[in-house]
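So the structure is just underneath, and the comments pick up after that.
In our numbering, the protein residues as written are 129 to 309.
This is how it looks when you write it as structure tokens:
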């Protein structure tokens, strides 16, 4: 069974809110990827242009099927883990998630609390660092609360993983490294 805090965070996500939560490397901001208002609110908070696109984080591969055409077995076998992949996006996925590209960044997380949050919410969620663009991300729940507590609907208490850098992002088709880890 999920903790009260985790259940509360999941409910906020399902109802269009923003949550800060621990990931492999830092605290992240999350929301329902299909909720336009929530995503635009998140982008405004970060001072991030919609054209950059966002990562969709899941607890298991099945949660990503709403967003991608196909998940090759070599990609699926890299998860759960700190690997973010650009995959061809389904035609009906909104541009506010993809940055109006034909690919989408997706990851199945190995971070226990982030995965539990996706399971409790019953969906994959947006995952972007809890910071304003070009600032260092929050690394503790206390820091996330201090910096963004009034601007997000909930900061889920938790600890970040052991990663020393954000997850690398690779294009699944070309193998090109888009963002080093």
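Heads up, the beta-carbon is just placed ideally off N, CA and C, and yes, glycines get one too. Being a predicted model, the structure only gives us computed values, none of them experimental.
Worksheet item: How many angstroms separate the CA atom of residue 197 from the CA atom of residue 223?
Response: 16 Å
Worksheet entry | Beta-ladder partner(s) of residue 169, from DSSP | Per DSSP, none; premise fails for residue 169.
Practice prompt. Could you tell me which residues DSSP puts in a beta bridge with residue 156?
Written response: Note: residue 156 sits in a beta bridge opposite 149, 257.
Worksheet item: Using the rule of at least 16 other Cβ atoms within 10 Å of the residue's Cβ for burial, across every protein chain shown, is residue 179 buried or exposed?
Response: exposed
Discussion item. Going by C-alpha to C-alpha distance, which of 242, 211, 172 sits closest to residue 279?
Written reply: Nearest of 242, 211, 172 to residue 279, Cα basis: 172.
Worksheet item: Is DSSP giving residue 189 helix, strand or coil here?
Response: Three-state result, residue 189: helix.
Discussion item. Which residue wins for smallest C-alpha separation from residue 232, given the options 134, 154, 219?
Written reply: Of the candidates 134, 154, 219, the one whose C-alpha sits nearest the C-alpha of residue 232 is 219.
Worksheet item: Is it the case that the Cβ atoms of residue 288 and residue 154 are separated by a distance below 8 Å?
Response: Between residue 288 and residue 154, the gap from beta carbon to beta carbon is short of 8 Å.
Discussion item. Quick check on the burial criterion: 16 or more other C-beta atoms within 10 angstroms. Buried or exposed for residue 191?
Written reply: buried
Worksheet entry | residue 216 - DSSP class collapsed to helix/strand/coil | strand
Worksheet item: Quick one, which of 262, 215, 158, 240 has its alpha-carbon nearest residue 194's?
Response: 215
Worksheet item: Helix, strand or coil: which one does DSSP assign to residue 176?
Response: coil
Worksheet item: Which first and last residues belong to the beta strand (DSSP E) in which residue 232 is found?
Response: 231-236
Fill in: CB of residue 272 within 8 Å of CB of residue 203, strictly
Going by C-beta atoms, residue 272 is not nearer than 8 Å to residue 203.
Worksheet item: Can you give the Cα-Cα distance for residue 305 and residue 163, rounded to whole angstroms?
Response: Residue 305 and residue 163 have their alpha carbons spaced roughly 29 Å apart.
Discussion item. Check this for me: beta carbons of residue 311 and residue 253, under 8 Å apart or not?
Written reply: The chain is shown only over 129 to 309; residue 311 falls outside these bounds and no answer can be derived.
Discussion item. Quick check on this structure: which residue in 307, 183, 258, 274 has the alpha carbon closest to the alpha carbon of residue 236?
Written reply: Ranking the options by Cα distance to residue 236, first place goes to 183.
Worksheet item: In whole angstroms, what is the alpha-carbon distance linking residue 168 and residue 151?
Response: 21 Å
Worksheet item: Under 8 Å, do residue 166 and residue 156 count as touching if we go by C-beta distance?
Response: no
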